[in-house]
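In UniProt numbering, the protein residues as written are 1 to 150.
Okay, so here's the structure we're looking at.
Structure (structure tokens):
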């Protein structure tokens, strides 16, 4: 028989450590390949954050790595929402365990996930779009103007 997995703990692990796959390690164990894949983009994003702090916003590597961190944080928040809003009966059926009443713990994780995940995702999209259009404008400005032969 499998160990009982707490929906509340899974939702909070997804919110607080989801970018590193903590929720997947809790639910599926250390042999879960997807859990191990969480670390690389998160660490690249953290490296981008460090470069951003050290070199400023004009560092191209930081500009493209930093949104990865935001996306990884947002996906953790998304899983907190999914786990937190799943019914106790569905959770128990998915895990082949007895139904346990979870009360408000997972719902609060889902609410926090919606607030933090939404803000993180929107910030990541805006930051990446701003850097893209700034780079596009700089590239266009550095090209010589096209003269018509008319």
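A virtual CB, placed ideally from N, CA and C, is assigned to each residue, including glycine.
As the structure is a prediction and not an experimental result, all values here were calculated from the model.
Counted within 10 angstroms of its Cβ, other Cβ atoms place residue i as buried (16 or more) or exposed
i           : result
residue 72  : buried
residue 115 : exposed
residue 4   : exposed
residue 1   : Model confidence at residue 1 stands at a pLDDT of 49, short of 50, so the residue's coordinates are unreliable; what they give is reported in the following sentence. Exposed.
residue 101 : exposed
Where residue i falls: helix, strand or coil (DSSP)
i           : result
residue 147 : coil
residue 136 : helix
residue 128 : helix
residue 1   : Note that residue 1 scores a pLDDT of 49, beneath 50, so its modelled location is shaky; the value from the coordinates is reported in the next line. Reduced to three states, the DSSP call for residue 1 is coil.
residue 12  : helix
residue 102 : coil
Proximity to residue i [Cα-Cα], best of the options
i           : options              : result
residue 6   : 41, 31 and 24        : 24
residue 104 : 113, 84, 114 and 118 : 84
residue 44  : 26, 78, 70 and 54    : 70
residue 33  : 143, 21 and 122      : 21
residue 10  : 133, 140, 137 and 78 : 78
residue 125 : 18, 141, 74 and 88   : 74
Inter-residue CB distance, residue i and residue j (contact presumed, cutoff 8 Å)
i          : j          : result
residue 29 : residue 81 : Contact doesn't hold; Cβ gap of about 23 Å is too wide.
Completely contained beta strand (DSSP E) runs for the segment 17–98, where each covers 3 or more residues
none
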